[in-house]
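Protein chains in written order, with this note's numbering: chain A, 1 to 121; chain B, 1001 to 1137.
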Amino acid sequence: MSIEYQNDETKLEKFSPSTDIVESEHGFFMYMDLPGVCREALTIDLDENTLIISAKSATTLADDEKYIDQEFSDGEYSRRFTIADVVDRENIKANLKDGVLELFLPKKQEVKPRKIEITSG
Amino acid sequence: MVIDFGSFYNFPYEFDKIFHDVFNPHHYRRGKASYPPLNIGEDENKIFIRAEVPGISIDDVEITITAKDLVIKGERKLPEGRYFRQERPSGIFQRIVSINTPVDANNVTASIKDGILTIVLPKSEASRPKKVDIAIG
Chain A
1 MSIEYQNDET KLEKFSPSTD IVESEHGFFM YMDLPGVCRE ALTIDLDENT LIISAKSATT
61 LADDEKYIDQ EFSDGEYSRR FTIADVVDRE NIKANLKDGV LELFLPKKQE VKPRKIEITS
121 G
Chain B
1001 MVIDFGSFYN FPYEFDKIFH DVFNPHHYRR GKASYPPLNI GEDENKIFIR AEVPGISIDD
1061 VEITITAKDL VIKGERKLPE GRYFRQERPS GIFQRIVSIN TPVDANNVTA SIKDGILTIV
1121 LPKSEASRPK KVDIAIG
C-alpha cells in the first residue's frame, strides 16, 4: 500500500486503497478495500479514460473515549485507474458492501472472443 | 514509560515500535503493522477495540476472551480467478490483545459495520477506581 503524506489543506491522512483486479470472460472485477466508508462518503467518477474513486472514512468514537493505541486512522482514500478501450463504459456497476467496493467493468460485445466456424469445402 | 499501569500490557510491542521508529522515522505504521490493524480506546467504564476488516462478515471472525487476553481470529478469503493485480491481504489472521484490567466477559459485544469491527468490553466493577474518603483528624 503506498502512502502519500499528510496534506495541509485537509489535515486528513491520504491513502491509496488496496485493489485487486480479476479478469473474467465477460469483463473485469475490481475489489477495493475501503474500511470505514459508508455509501454517502464514496464517489466514483469516470472522466473519459480515467476512473476516479474517492472516499472518506469516519470512525465514531464513544463519548469520553481516549485512544490508548492507534494503528489506523481515518482518512481520505483516493485512487485513479486508466480504463482500457475494451471496457463498456455505459454498463459499469458498483456495489459497496462491508467496506469493500466491488466494481464490474464489462467488456464491449465486439471484443469478446468469438469462435469461428470452419467450413470445409 | 517504565511501568505501565494502564489497561493493557503492551510493553514488548511498544518497545519494538520505539526501536522501529528510531531507525525508520519516516515510515508511517499503516501497512507495516500486523493484520488487521487495531485501534484501542477506553473510557471510564468500557474498553473499545476496533479493527479494519473490510469484506469480512461477523461469522468469519472468532473472538475469544481468556483471563488475560482477547484473541481475534479469522480468515479472509478472496474470490478466485485470474488476477491482474493483487494488493489486498488474504489468509488466516490472528491478533492477541493483552488486557490488564478485569473485564465482564459475559457482556462483551462485537459488531461489524462498513468493514470496521468494534468490540466493546465492559470493565468489571472491581477495576474501577474507587474514591476513598480520608478523614483528617
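All C-beta atoms in this analysis are idealised placements derived from N, C-alpha and C, irrespective of residue type, glycine included.
Assuming residue i contacts residue j (C-beta within less than 8 angstroms), just tell me the rounded distance between them.
i         : j         : result
Gly75/A   : Lys14/A   : 6 angstroms
Ile1040/B : Ile1049/B : 5 angstroms
Ser24/A   : Gly1081/B : 6 angstroms
Ile1018/B : Lys1068/B : Not a contact, Cβ separation roughly 23 angstroms.
Val1103/B : Ile1058/B : Contact flag wrong, Cβ pair sits at about 20 angstroms.
Thr19/A   : Arg1095/B : The pair is not a contact, with the Cβ atoms about 24 angstroms apart (cut-off 8 angstroms).
Glu117/A  : Leu1038/B : 59 angstroms between Cβ atoms; not a contact.
Rounded to the nearest angstrom, what separates residue i and residue j at their Cα positions?
i         : j         : result
Ser1045/B : Asn95/A   : It should be pointed out that residue 1045/B corresponds to Asn in this sequence rather than to Ser. For Asn1045/B and Asn95/A, the distance between alpha carbons rounds to 38 angstroms.
Ile21/A   : Ile92/A   : 14 angstroms
Phe29/A   : Lys1131/B : 59 angstroms
Phe141/A  : Pro1079/B : The question about residue 141/A has no answer, for chain A in this structure spans 1 to 121.
Ile68/A   : Ile1116/B : 18 angstroms
Ala55/A   : Leu42/A   : 4 angstroms
Ser78/A   : Glu1042/B : 31 angstroms
Gly1031/B : Glu48/A   : Because Gly1031/B carries a pLDDT of 49, less than 50, the predicted location of this residue cannot be relied on, and no value is offered for it.
Ala58/A   : Pro1036/B : 17 angstroms
Val1097/B : Val1120/B : 13 angstroms
Ile1063/B : Ser1090/B : 19 angstroms
Lys115/A  : Cys38/A   : 43 angstroms
From this set, the options, which residue's C-alpha is nearest residue i's C-alpha?
i         : options                                    : result
Ser1034/B : Ile1065/B, Glu1042/B, Lys1073/B, Lys1068/B : Lys1073/B
Glu102/A  : Leu12/A, Ser16/A, Glu40/A, Ile44/A         : Ile44/A
Tyr1083/B : Asp85/A, Phe72/A, Gly27/A, Ala62/A         : Gly27/A
Arg1076/B : Ala1126/B, Phe1093/B, Pro1122/B            : Phe1093/B
Glu110/A  : Asp85/A, Lys97/A, Gly121/A                 : Asp85/A
Pro35/A   : Lys1123/B, Ile1096/B, Thr1118/B            : Thr1118/B
Lys107/A  : Val37/A, Glu40/A, Arg89/A                  : Arg89/A
Pro17/A   : Phe1015/B, Glu1087/B, Thr1064/B            : Glu1087/B
Thr82/A   : Ile116/A, Ala62/A, Leu51/A                 : Leu51/A
Glu40/A   : Lys115/A, Lys97/A, Asp63/A                 : Lys97/A
Pro1054/B : Asp63/A, Gln70/A, Asp33/A                  : Asp33/A
Thr1101/B : Thr1066/B, Asp1133/B, Ile1134/B            : Thr1066/B
With a 10 Å radius around its C-beta and 16 neighbouring C-beta atoms as the bar for buried, classify residue i as buried or exposed.
i         : result
Asp1114/B : buried
Val1022/B : exposed
Thr1109/B : exposed
Pro113/A  : exposed
Glu1125/B : exposed
Val1071/B : exposed
Ala1051/B : buried
Lys1123/B : buried
Thr119/A  : exposed
Ile1112/B : buried
Ile53/A   : buried
With which residues is residue i paired in a DSSP beta bridge?
i         : result
Ser1124/B : Bridge partners of Ser1124/B: none, in fact.
Thr1064/B : Val1071/B
Leu105/A  : Phe28/A
Asp33/A   : Val100/A
Ala1051/B : Leu1038/B, Leu1117/B
Leu61/A   : Its beta-bridge partners do not exist; DSSP assigns none.
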